[in-house]
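In this text, residue positions in the sequence shown follow UniProt numbering: the first is 1, and each later residue adds one. By construction, the Cβ of each residue, glycine as well, lies at the ideal position given by its N, Cα and C atoms. As the structure is a prediction and not an experimental result, all values here were calculated from the model.
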Amino acid sequence: MEQLYPELDQLICEMADGDKDFEKDLTVAIYKGLLELREKYADGSSEKDDIKIQQIRHKLKPTLCMFELSHITDELQVGKEIIESEGFDCVQFQSHYLSLQVKLEAAIQRVHKLTL
C-alpha cells in the first residue's frame with residue numbers, strides 16, 4: 001500500500017533546519033492542528049454553523065498548504081462550495097463530511113507516527 005503523504009517527514013525536517021527539538025514541536029503542532037480541525041469541523045457541521053467551519057478552515061489552511069496535505073485542503077474547498085450553494089441539509093454535504101473525516105483520520109495517523 002502506498003504511504004500517504006510520503007514527503008511529510010522531509011518537509012518537517014527541512015522546516016526545522018536540523019533542530020530536532022523544533023522538528024518534534026512542529027510535528028506535535030501539526031498533529032494538534034489536525035485534531036482541532038476534526039473537532040471544530042464536526043462541531044460546525046452538527047450545529048450547522050458555517051462561521052465556525054470557516055474559522056477553523058482559515059486557521060489551518062496555511063499549515064495544510066505548507067506541509068502539502070492537499071487531500072484535506074481540496075476536500076475543505078469542496079465543503080465550502082457545498083455549504084455556499086446547498087447548505088448543510090443535503091446529501092452532498094453528508095458525503096463530503098464523511099470523505100473529510102476519512103482523510104483527516106488518515107493524516108492524523110500519519111502525523112502521529114512521526115511523533116513517536
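Nearest residue (CA-CA) to residue i, options the options
i	options	result
Tyr41	Ala107, Arg110, Gln101 and Ala16	Gln101
residue 124	Asp17, Asp9 and Leu34	The first residue shown for the chain is 1 and the last is 116, placing residue 124 beyond what the model contains.
Asp89	Leu98, Glu75 and Ser45	Ser45
Ser70	Gln55, Ala107, Ile82 and Ile51	Ala107
Asp74	Leu104, Gln55 and Lys48	Leu104
Val38	Asp25, Thr27 and Gln55	According to the sequence as given, residue 38 is Arg; it is not Val. Cα-wise, what sits closest to Arg38 is Gln55.
Phe67	Asp19, Val91, Lys20 and Tyr31	Tyr31
Gln109	Glu14, Ile82 and Thr27	Thr27
Residue i and residue j closer than 8 Å at C-beta
i	j	result
Phe93	Glu86	yes
Gly79	His96	yes
Asp9	Leu98	no
Phe22	Ala29	no
Leu64	Ile53	no
Cβ-based burial, residue i [other Cβ within 10 Å; buried from 16]
i	result
Ile51	exposed
Val111	buried
Leu60	buried
Met1	With a pLDDT of 38 at Met1, under the threshold of 50, the predicted position of this residue should be treated as unreliable, though the coordinate-derived value follows. By the neighbour-count rule (16 or more Cβ atoms within 10 Å), Met1 is not buried but exposed.
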